[in-house]
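Note that the protein sequences, when read in sequence, are chains G and U.
Taking our numbering, the leading residue of the first sequence gets 1, the next gets one more, and so forth.
Taking our numbering, the leading residue of the second sequence gets 309, the next gets one more, and so forth.
There are 2 protein chains.
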Amino acid sequence: MAHFSFDKVLIIGVGLIGGSLALALKRQHPQGRIVGVARSVASLERALALRVIDQAVGLDQAELAQAVGAAEIVVCAAPVAQTGPLLARIAPFLRGQTLLSDVGSTKSDAVIAARQALGSEAWRFVPAHPIAGRELSGVEAALHDLYQDRNTVLCPLPENPPAAVARIEAMWRACGAQVLTMSAAQHDAIFASVSHLPHLLAFALMEQILRAPDGEQKLALAGSGFRDFTRIAASNPQVWRDICVANQAALLSDLDAFVVLLAELRQALERGDAAALLDLFARTSAARSAWGERAPQVAPGALPAAAD
Amino acid sequence: MAHFSFDKVLIIGVGLIGGSLALALKRQHPQGRIVGVARSVASLERALALRVIDQAVGLDQAELAQAVGAAEIVVCAAPVAQTGPLLARIAPFLRGQTLLSDVGSTKSDAVIAARQALGSEAWRFVPAHPIAGRELSGVEAALHDLYQDRNTVLCPLPENPPAAVARIEAMWRACGAQVLTMSAAQHDAIFASVSHLPHLLAFALMEQILRAPDGEQKLALAGSGFRDFTRIAASNPQVWRDICVANQAALLSDLDAFVVLLAELRQALERGDAAALLDLFARTSAARSAWGERAPQVAPGALPAAAD
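This is the structure:
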């Protein structure tokens, strides 16, 4: 883990994700100063009490102006839908070489929002998505090693100076993350497939059972396979509404392909084509088993984050 | 747990499910004799060595005739597709009050197979489905408490004498199971919704990723939500081919309803109807959270069985 020296990092939204970033940065560079920004005074006080942040700043204009002006990096770790409004709010106070980044699960929308909010200052914004989470939320759930050995995806803008991208990359590497770089469109297509579509399907399966006249009986008999498959259907509804709306295009495209695949499976099932079913099940079962062996193990108690 | 006295129970197929039944029965009535029947001599020898069974019998006609003739209960715990052929094989040797049962994940097909194989002796067959499993298979994975506090569903036939149903029910209660009774059609509709459709969707999601040109990259970035959602896609392909074929009608009907629901969700997504998405996500998230709190906890290390 390379060392990352910093003077002052400002984190807007000090919950699980922002708080864990703060803890990771402070752990490896205790001299650096972490400034937490939030609307809620209570959550700022908890973050201070837990020593996750060194200084608390509200959304008051004057206070914010000073804090943003003095920050080397500002990370927006608030819910995805607030990235645009928050960047617009701090835009007037940007000066010098201050860099901006975020932690959102969707990136094309963040790029659009950043360009709108920042205009000619958009070069400062290096979009990022750390792929980590816990079932718990809030600053109390923050962990200094949440990002250790996890991936963080950067989606640099053409207008980002290479040094700006390198600096944000160094920040995440200092947290223990492996950093990958790709376009926002590529990022969104990937996460539509491996995260957003599965969430939509899990929500839909629960909905189908809730609508069934014998839904209660079905739930009473559901077993461990159902438990795993639907675990992500317990995710935060607001977060997932925002992600679905933000990643609409990629998600629609993946959903359409999935419905075509289901139609193909339906035909095999209807004509009793046991060979076709076995062929598909054998291929996917082998691939899932192989993936399970090579993918990083989930820590005990760690469950899917609302937005992983 | 009510005591269950028995003289001789014959279990065809001594793997995880049959072996666990043997262990549970012996534990609470050590005087009773468990006879294991299997095609494979090696697996019979392992079952004897582990003291899961007291006696081993192959599929040889004469040996089988004597063992079946002397058994009080014969439980078919072989893969679902073999229930019919195995019942046909033992049918000539049935006498007295010997009862038959099974452990299959689909019940309408078992009823049809049993009626065909047994003819006027079908009254002996009480269809059963214990809802339990582990990620491991084979007699080495058998546990005496696999059925403890789990559900077992019985789907009695109209021709079953009430005393026959009561006896099979008592056997499962003695293993610690809660016993529910319903029709085979009702059983199959329920498990199509809470088990078979989720498996099909998990297999399909893996297939969609394998077909994608950037599938490898997608798998490299998939996180813990994907891990849980697709865990059942690692299930045994042969078992799931058989289940899908056996429960074709109920599964097709559930799949069709699911595709209609996906079309509804797609429309909400396409028109950017955040309120409709939030409404559905909030309802299903609350229901899944409530279910997670009241459903029995899964033992550490326990994963979905191939056929739970």
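Ideal Cβ placement from N, Cα and C applies to all residues, glycine included.
Segment limits, alpha helix (DSSP H) that includes residue i
{"i": "L180/G", "result": "Note, L180/G: premise wrong, no alpha helix (DSSP H); beta strand (DSSP E) at 178-181."}
{"i": "H437/U", "result": "Note, H437/U: premise wrong, no alpha helix (DSSP H); beta strand (DSSP E) at 436-438."}
{"i": "T406/U", "result": "Unbroken run through T406/U: none, as it is neither H nor E."}
{"i": "I498/U", "result": "492-499"}
{"i": "P470/U", "result": "470-482"}
{"i": "Q525/U", "result": "523-529"}
{"i": "V259/G", "result": "248-270"}
{"i": "V309/G", "result": "Given that chain G is displayed from residue 1 to residue 308, the structure contains no residue 309/G and the question cannot be resolved."}
{"i": "A510/U", "result": "505-519"}
{"i": "G533/U", "result": "532-538"}
{"i": "T284/G", "result": "274-294"}
{"i": "Q374/U", "result": "369-378"}
Own chain partners of residue i with C-beta closer than 6 Å, once the 5 adjacent residues on each side are dropped
{"i": "D362/U", "result": "R341, I342"}
{"i": "F511/U", "result": "A541"}
{"i": "R458/U", "result": "I439, A440, A485"}
{"i": "I17/G", "result": "A77, V103"}
{"i": "L585/U", "result": "A576"}
{"i": "L59/G", "result": "R39"}
{"i": "G19/G", "result": "V52, V139, A142"}
{"i": "D7/G", "result": "E72"}
{"i": "S313/U", "result": "H337"}
{"i": "H495/U", "result": "K415, V461, C463"}
{"i": "D550/U", "result": "V388, A389"}
Boundaries of the beta strand (DSSP E) in which residue i is found, first to last residue
{"i": "C384/U", "result": "381-384"}
{"i": "G36/G", "result": "33-37"}
{"i": "V363/U", "result": "Per the sequence shown, the amino acid found at residue 363/U is Gln instead of Val. Where Q363/U is concerned, the enclosing beta strand (DSSP E) stretches over 363-365."}
{"i": "V9/G", "result": "8-12"}
Nearest-angstrom Cα separation, counted from residue j out to residue i
{"i": "D145/G", "j": "C175/G", "result": "7 Å"}
{"i": "C155/G", "j": "L180/G", "result": "9 Å"}
{"i": "Q336/U", "j": "S351/U", "result": "24 Å"}
{"i": "P506/U", "j": "E477/U", "result": "29 Å"}
{"i": "H3/G", "j": "P213/G", "result": "59 Å"}
{"i": "P162/G", "j": "P30/G", "result": "27 Å"}
{"i": "A565/U", "j": "S501/U", "result": "10 Å"}
{"i": "S235/G", "j": "I11/G", "result": "24 Å"}
{"i": "V75/G", "j": "Q238/G", "result": "21 Å"}
{"i": "A396/U", "j": "T592/U", "result": "46 Å"}
{"i": "V447/U", "j": "L358/U", "result": "8 Å"}
{"i": "E121/G", "j": "A91/G", "result": "8 Å"}
{"i": "F93/G", "j": "V14/G", "result": "20 Å"}
{"i": "D279/G", "j": "I420/U", "result": "27 Å"}
{"i": "P435/U", "j": "G392/U", "result": "12 Å"}
{"i": "A304/U", "j": "G344/U", "result": "Nothing about residue 304/U can be read from this structure; chain U reaches only from 309 to 616."}
{"i": "A274/G", "j": "V567/U", "result": "22 Å"}
{"i": "G533/U", "j": "F589/U", "result": "16 Å"}
{"i": "E207/G", "j": "G119/G", "result": "42 Å"}
{"i": "S335/G", "j": "F125/G", "result": "What the structure shows of chain G is the stretch from 1 to 308, and residue 335/G is not part of that stretch, so it cannot be assessed."}
{"i": "L285/U", "j": "V349/U", "result": "Since the first residue of chain U shown is 309 and the last is 616, residue 285/U is not available in this structure."}
{"i": "R173/G", "j": "L569/U", "result": "42 Å"}
{"i": "A530/U", "j": "E135/G", "result": "17 Å"}
{"i": "Y147/G", "j": "L573/U", "result": "33 Å"}
{"i": "H339/G", "j": "R596/U", "result": "Lying before the first or after the last residue shown, residue 339/G is absent from chain G, which here runs from 1 to 308."}
{"i": "A62/G", "j": "R294/G", "result": "50 Å"}
{"i": "M490/U", "j": "E353/U", "result": "37 Å"}
8 Å Cβ shell around residue i - same chain, five flanking residues per side excluded
{"i": "L205/G", "result": "F229, T230, A233"}
{"i": "L255/G", "result": "L197, L200"}
{"i": "V68/G", "result": "L10, V74, I90, F93, L94, T98"}
{"i": "A184/G", "result": "K107, S108, A110, V111, P127, C155"}
{"i": "W431/U", "result": "L465, E467, N468, P469, A472"}
Own chain partners of residue i with C-beta closer than 7 Å, once the 5 adjacent residues on each side are dropped
{"i": "A554/U", "result": "V388, T414, D417"}
{"i": "I517/U", "result": "G523, K526, L527"}
{"i": "R167/G", "result": "L99"}
{"i": "W599/U", "result": "none"}
{"i": "A70/G", "result": "K8"}
{"i": "A117/G", "result": "G84, L87, A88, A91"}
{"i": "G96/G", "result": "none"}
Cβ-heavy atom distance, residue i to the ligand ATP, below 7 Å
{"i": "S313/U", "result": "No copy of the ligand ATP occurs in the structure displayed, which carries no ligand at all."}
Does the count of Cβ pairs from the region 251-264 of chain G and the region 575-584 of chain U closer than 8 Å reach three? The region 251-264 of chain G, when compared against the region 575-584 of chain U, does touch it at the 8 Å Cβ threshold.
**Asked** Is it true that the region 18-28 of chain G meets the region 55-65 of chain G, where meeting means three or more beta-carbon pairs spaced less than 8 Å apart?
**Response** Contact fails: fewer than three Cβ-Cβ distances are below 8 Å.
Tell me the start and end of each unbroken alpha helix (DSSP H) in the region 416-468 of chain U that is at least 4 residues and wholly inside, in chain order. Runs found: 416-426.
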